[in-house]
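Going by our numbering, the first residue of the sequence shown is number 2, and it counts up by one from there.
Encoded as structure tokens, the structure appears first; notes follow it.
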Amino acid sequence: MDIENAKVQMRKGILEFCILQIISRGEVYASTMLTELTSAKIMVVEGTLYPLLTRLKNAGFLDYKWVESASGPPRKYYVLTEKGETFLAELHGTWDDLQGSVSQITHPQTPQA
């Protein structure tokens, strides 16, 4: 198995969670999401991001609005819906559980005698 492929697959598994978390902070433009994900070393390209945003919107987790731009065409800003906020809260619980489980395995505590 290729280590780079394994890393990519691990990152892909948390991409939806990270995108929802970014959007939860307030209205956000797609290029801002790409910048934040890239700076966090979660590499993603527009060809991956936009279909995921569409899927999340179609599931009722996101909404968007168009905002006029002084420097070009209008921009689409994404926001979480109430359903999206509930979904993100559930993902947080799952993430916390998963993080604890993985830590238990990767950093086992030696039993006290």
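Backbone N, C-alpha and C define an ideal beta-carbon position, used for all residues, glycine too.
None of these values were measured; they are calculated from a predicted model.
| message | Going by DSSP, what residue range makes up the alpha helix (DSSP H) through Glu47? | response | 47-59
| In chain order, what residues of the same chain have a beta carbon less than 7 Å from the beta carbon of Gly61, not counting five sequence neighbours either side? | Thr82, Lys84
| message | Can you look up Ser72 in the DSSP assignment and give me helix, strand or coil? | response | coil
| Whole-angstrom C-beta distance between Ser25 and Glu86, which should lie under 8 Å | 7 Å
| Whole-Å CB distance - Lys66 paired with Tyr51, under 8 Å assumed | Their Cβ separation, rounded to whole angstroms, is 17 Å, which puts Lys66 and Tyr51 out of contact at 8 Å.
| query | Roughly how many whole angstroms lie between the Cα atoms of Leu38 and Val45? | reply | 7 Å
| query | Looking at the unbroken alpha helix (DSSP H) that takes in His93, where does it start and where does it end? | reply | 83-107
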